[in-house]
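This report refers to the structure that appears directly beneath it.
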Amino acid sequence: MIKLGVFLALVASAWSQTTEGGVVCSCGVFINTDSGDTLIHQMQPVSIASCDDVTACEEGCSLQWIMAADNGDLDGVLTNDNTLGDELCQGAHHNHIAHVHEEVAYVYARACEGPWTPTGDASLQELCCTGNHYEPCNEHTHPTHPTHPTHPTHQTHTPPTHKTHPTHPTHPPHPTHLPNQ
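Letter by letter, the sequence shown follows residues -16 to -1, 1 to 165 in mature numbering (1 follows the signal peptide of the UniProt record, and there is no 0).
The structure is reproduced here in structure tokens:
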């Protein structure tokens, strides 16, 4: 009976790493908080051929951001009829982030159980939340991040340095509050 339990646990673990004939690439949206970059929204996973294919993972998450999230337009309407801004604010609220004001939302990718890596994509506007609802920030405030199709170089897998808004703390290169998946 113990052998059956161990076998089922191994099968479940292997199954959780695959999707549609490939392996899982997680896509997430992060904002910078006082304690570092924090995941506020899980996008749909992307199927990649191998856990070593970080480039395909980053490109899949980037394409999803461009297509499903209207390239990061916080006023864009998603398939669930929420705006991207509302969806991100609901995620921040769900993750107990009480204060979101003038934050740029950045897209990260994670191949299998590897580290989260930035895709180079970010929201077109800064994110401001009242409770779990998006509201436009000061109309004269615009993010100073690079626009798509800027992507990090994939040869060394070192994340790019994000430009920051003058009132923001420096954007750290790697998220510190990551979900255990």
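Ideal Cβ positions, reconstructed from N, Cα and C, are used throughout, including at glycine.
Problem - Which listed residue (H25, D21 and D54) has its alpha carbon closest to that of L108 - result: Here residue 108 refers to the residue found at position 124 of the sequence shown. Selected option, being the one with the closest Cα: D54.
Exercise for the section: Determine which residues share a DSSP beta bridge with H117 and list them. Expected result: On the sequence shown, residue 117 is found 133 positions in, with the first residue counted as 1. The partner list for H117 (beta bridge, DSSP) reads T114.
Practice task
Measure how close the beta-carbons of G60 and W49 come, nearest whole angstrom, since I'm counting them as under 8 Å.
Solution key: Taking the sequence shown and counting its residues from 1, one reaches residue 60 at position 76. Taking the sequence shown and counting its residues from 1, one reaches residue 49 at position 65. Not a contact, Cβ separation roughly 11 Å.
Handout entry: Closest residue to I32 among C45, L23, T22 and H25 (Cα-Cα distance)
Key = Along the sequence shown, read from residue 1 onward, the residue named residue 32 stands at position 48. Closest option to I32, Cα to Cα, is C45.
Handout entry: Inter-residue spacing [alpha-carbon to alpha-carbon] between I15 and S34
Key = Numbered from 1 along the sequence shown, position 31 holds the residue referred to as residue 15. Numbered from 1 along the sequence shown, position 50 holds the residue referred to as residue 34. In a straight line, the C-alpha of I15 is about 28 Å away from that of S34.
Problem - Simplified DSSP assignment, three categories, for V84 - result: Here residue 84 corresponds to residue number 100 of the sequence shown, with the count starting at 1. Here V84 sits in coil by DSSP.
Practice task
State the Cα-Cα distance for the pair S10 and N64, rounded to the nearest angstrom.
Solution key: In the sequence shown, residue 10 corresponds to position 26, counting from 1. In the sequence shown, residue 64 corresponds to position 80, counting from 1. Using only the alpha carbons, I get a separation of about 20 Å.
Practice task
Find the nearest neighbour of A76 within the set Y92, H117 and S19, judged by alpha-carbon distance.
Solution key: As a first step, residue 76 must be located in the sequence shown, where it is residue number 92. The residue with the shortest Cα to Cα distance from A76 is H117.
Exercise for the section: Count the other C-beta atoms from every protein chain shown that fall within 10 angstroms of the C-beta of A42, then say buried if there are 16 or more, exposed otherwise. Expected result: Position 58 of the sequence shown, counted from the first residue, corresponds to residue 42. Checking the sequence, you will find Glu at residue 42 rather than Ala. It is buried - the Cβ of E42 has at least 16 other Cβ atoms within 10 Å.
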